[in-house]
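Numbering (the UniProt record's numbering), first residue to last: 1 to 397.
For glycine and all other residues, C-beta sits at the position ideal for the given N, C-alpha and C.
See below for the structure under consideration.
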Amino acid sequence: MTDSSSKDRDLQTRIVQPEDRITPGFESFSVPVARASTVVFPDLASMRSLVWSDDSKWRYGLHGTPTTIALAQRLAAIEGGEFALLQPSGLAAISNIYFGLVKAGDHVLVPDNAYGPNRDHADWLAADFGLQVTYYDPMTGAGIADSIRPNTKLIWLEAPGSVTMEVQDVPAIVAVARAKGIVTAIDNTFSAGLAFKPFEHGVDISVQALTKYQSGGSDILMGATITRDEELHKKLKRARMRMGIGVSADDASLVLRSLPSMKVRYEAHDRTAYALAQWLKTRPEVKAVLHPALEDCPGHAFFARDFKGGAGGLFSIVFDGRYTSAQVDAFVEALELFSIGWSWGGAHSLAMPYNIRSMRTASQWPHGGVLVRFYVGLEAEADLRADLEAALAKAFA
Ligand SMILES: *Cc1c(COP(=O)(O)O)cnc(C)c1O
1 MTDSSSKDRD LQTRIVQPED RITPGFESFS VPVARASTVV FPDLASMRSL
51 VWSDDSKWRY GLHGTPTTIA LAQRLAAIEG GEFALLQPSG LAAISNIYFG
101 LVKAGDHVLV PDNAYGPNRD HADWLAADFG LQVTYYDPMT GAGIADSIRP
151 NTKLIWLEAP GSVTMEVQDV PAIVAVARAK GIVTAIDNTF SAGLAFKPFE
201 HGVDISVQAL TKYQSGGSDI LMGATITRDE ELHKKLKRAR MRMGIGVSAD
251 DASLVLRSLP SMKVRYEAHD RTAYALAQWL KTRPEVKAVL HPALEDCPGH
301 AFFARDFKGG AGGLFSIVFD GRYTSAQVDA FVEALELFSI GWSWGGAHSL
351 AMPYNIRSMR TASQWPHGGV LVRFYVGLEA EADLRADLEA ALAKAFA
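The following block contains the structure:
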């Protein structure tokens, strides 16, 4: 009921403070988009009693709104974690881990096959911020012990590597790290948190580029850090707050919209990618197929042991060393259904050539030929196969 005094207010006041509110009792399947910079407190005492680390109270739009917190909670649940923070990209999530956990003079271990921009970030911190960084052979397993120094504070893992697909022996590396009190963080984007459960193997932090399968639309950039450990979560959260990073409720709501179909999409990508990988293995132009579920792939045994639910849409092939980079480029450009682009996880297939030897500093890349990474989208397998076959014929005739 409208009282007569509010009706008497100036139109401007009534526009800013309208009578109608969201219909009480409205229930829907979607999480409402809560956009806010200002969070309003009922009184000064509530404002003054706020503790920055207390997630049960709303404080400031940048720190979270009902939309972003709903997404964070759902992501933690998918992965088997307790706490999650959202960042505006997968790379921002990686950066949040560095700035939250290490400082000048600390030593960090990064796998030699790590996501390229993670390497670049580590190199930047080493060059300008006094961090010590060592790259290690991703297949080292328990041999990681040889690279640990008294000041080693963080070990990065990535399994499989997102271009060369080596599957690390995560439990072996984690066992060494745990014995020495070193934090482990895994870039688990490849499995979307579906096929590999890092916390079951003792990893402390999982990073997701939500840009990929969680978005599924090739139209959102977002990242997440997920953990079971409240103290680690608070360290990351404090760094995130200090760096002034958060995500928009609109973007979060689009990821929330895609999450229910993520597992079904992952399984569809996996079926088609596996079939194409097996077929490519029979081709004379192809020297090796690096698909974690196939034996050519380093760490295939660890994949078979630790992954439940497939490998999704990513895999790579290595062409025979007798083919030139120009021929492989011609193959990629001859593809019609595979576009040339970086960010995978959507409905569209992608292909990208890489010269791996120039990307390594700590391990031997055994293949002389050029690598092409495929991301297999949701197109029909027969059409993708025909496209690959035609491009192979055209480039290597
Ligand atoms: C894409 C990707 C990232 C970074 O995600 P952005 O949102 O593009 O910054 C990190 N790690 C892996 C393995 C990725 O594939």
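Let me check you understand the geometry: is the CB of residue i closer than 7 Å to at least one non-hydrogen atom of ligand 1?
{"i": "Gly299", "result": "no"}
{"i": "Thr189", "result": "yes"}
{"i": "Thr211", "result": "yes"}
{"i": "Tyr266", "result": "no"}
{"i": "Tyr115", "result": "yes"}
{"i": "Gly90", "result": "yes"}
{"i": "Leu221", "result": "yes"}
{"i": "Ser162", "result": "yes"}
Determine which residues share a DSSP beta bridge with residue i and list them.
{"i": "Leu350", "result": "Ser339 and Tyr375"}
{"i": "Glu166", "result": "Per DSSP, none; premise fails for Glu166."}
{"i": "Ala84", "result": "Ile226"}
{"i": "Ala185", "result": "Trp156 and Ile205"}
Residue i by DSSP, collapsed to three states: which one?
{"i": "Thr2", "result": "The pLDDT assigned to Thr2 is 45, lower than 50, so where the model puts this residue is not dependable; a value taken from the coordinates is nonetheless given after this. Of the three classes helix, strand and coil, the one that applies to Thr2 here is coil, per DSSP."}
{"i": "Arg253", "result": "Looking at the sequence provided, one finds Ser at residue 253 rather than Arg. Reduced to three states, the DSSP call for Ser253 is helix."}
{"i": "Lys287", "result": "strand"}
{"i": "Tyr213", "result": "coil"}
{"i": "Tyr136", "result": "strand"}
{"i": "Phe319", "result": "strand"}
{"i": "Asp106", "result": "coil"}
{"i": "Val51", "result": "coil"}
{"i": "Gln17", "result": "coil"}
{"i": "Lys57", "result": "coil"}
{"i": "Gln327", "result": "helix"}
{"i": "Pro111", "result": "strand"}
{"i": "Leu314", "result": "strand"}
{"i": "Lys263", "result": "helix"}
{"i": "Leu71", "result": "helix"}
{"i": "Asp10", "result": "coil"}
{"i": "Ala380", "result": "coil"}
{"i": "Phe303", "result": "helix"}
{"i": "Thr272", "result": "helix"}
{"i": "Lys180", "result": "coil"}
Hey, how far is the Cα of residue i from the Cα of residue j?
{"i": "Ala77", "j": "Thr361", "result": "37 Å"}
{"i": "Pro292", "j": "Gln278", "result": "12 Å"}
{"i": "Phe41", "j": "Met47", "result": "6 Å"}
{"i": "Gln87", "j": "Trp342", "result": "19 Å"}
{"i": "Phe215", "j": "Lys7", "result": "Before going on, a small fix: residue 215 reads as Ser here, not Phe. Each residue's alpha carbon lies about 45 Å from the other."}
{"i": "Gly61", "j": "Gly223", "result": "18 Å"}
{"i": "Met241", "j": "Leu71", "result": "18 Å"}
{"i": "Ala159", "j": "Phe303", "result": "9 Å"}
{"i": "Ile205", "j": "Asn188", "result": "9 Å"}
{"i": "Val247", "j": "Thr68", "result": "7 Å"}
{"i": "Lys234", "j": "Val102", "result": "14 Å"}
{"i": "Val203", "j": "Gly64", "result": "26 Å"}
{"i": "Gly181", "j": "Leu388", "result": "48 Å"}
{"i": "Met262", "j": "Gly345", "result": "10 Å"}
So, for residue i: in the same chain, excluding its five sequence neighbours on each side, which residues have a beta-carbon less than 8 Å away from its beta-carbon?
{"i": "Thr2", "result": "Because Thr2 sits at a pLDDT of 45, beneath the cut-off of 50, its placement in the model cannot be relied upon, and the point is left open."}
{"i": "Ser339", "result": "His348, Ser349, Leu350 and Ala351"}
{"i": "Asn151", "result": "Gly105, Asp106, His107 and Gln132"}
{"i": "Arg238", "result": "Trp52, Ser53 and Gly100"}
{"i": "Ala393", "result": "none"}
{"i": "His367", "result": "Lys287, Ala288, Val318, Gly321 and Ile356"}
{"i": "Phe396", "result": "Glu285, Tyr323, Gln327 and Phe331"}
{"i": "Asn244", "result": "It should be noted that the sequence gives Gly, not Asn, for residue 244. So the qualifying residues of the chain are Leu62."}
If you drop the 5 nearest sequence neighbours on each side, which residues of the same chain put their C-beta closer than 6 Å to that of residue i?
{"i": "Leu314", "result": "Tyr375"}
{"i": "Phe307", "result": "Ala195 and Phe196"}
{"i": "Val289", "result": "Ala277, Leu280, Lys281, Asp296 and Ile317"}
{"i": "Gly117", "result": "Here the sequence assigns Pro to residue 117, which means Gly is not the residue at that position. If we look at Pro117 and ignore the five residues flanking it on each side, its Cβ neighbours are Leu91."}
{"i": "Ala177", "result": "Ile155 and Thr184"}
{"i": "Trp365", "result": "Ile356 and Arg357"}
{"i": "Trp58", "result": "Val39"}
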